[in-house]
Amino acid sequence: MSTFGIVLFLLIGGMAFWMLLFLMGFILPYWITLGLFEQLRPKRIFEDKDSE
0 MSTFGIVLFL LIGGMAFWML LFLMGFILPY WITLGLFEQL RPKRIFEDKD
50 SE
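Following this line, the structure appears as structure tokens:
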């Protein structure tokens, strides 16, 4: 029964490792890039009424 526990521990640990690797490699840079583009985009406080 202890072998089953060790295998289960390694399986869950491996899944957590790959999930963290995916988050750090793809999701985090994507999130940072979206945040930078949001900060760099000019903000419009008032809409232009002359363009109609």
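Number 36 in numbering that gives the first Met the number 0 belongs to position 37 of the sequence shown; there are no gaps in the numbering. Virtual Cβ for every residue (Gly too), placed ideally from N, Cα, C.
Could you pull out every residue in the same chain whose Cβ sits closer than 8 angstroms to the Cβ of M18, ignoring the five residues on either side in sequence?
So the list is empty, once near-sequence residues are dropped.
Classify F45 as helix, strand or coil using the three-state DSSP reduction.
Here F45 sits in coil by DSSP.
Which two residues bound the contiguous alpha helix (DSSP H) that contains M14?
Here the alpha helix (DSSP H) through M14 covers 1-21.
Express the C-alpha separation of L9 and M0 in angstroms, rounding to a whole number.
Computed Cα separation, rounded: 15 angstroms.
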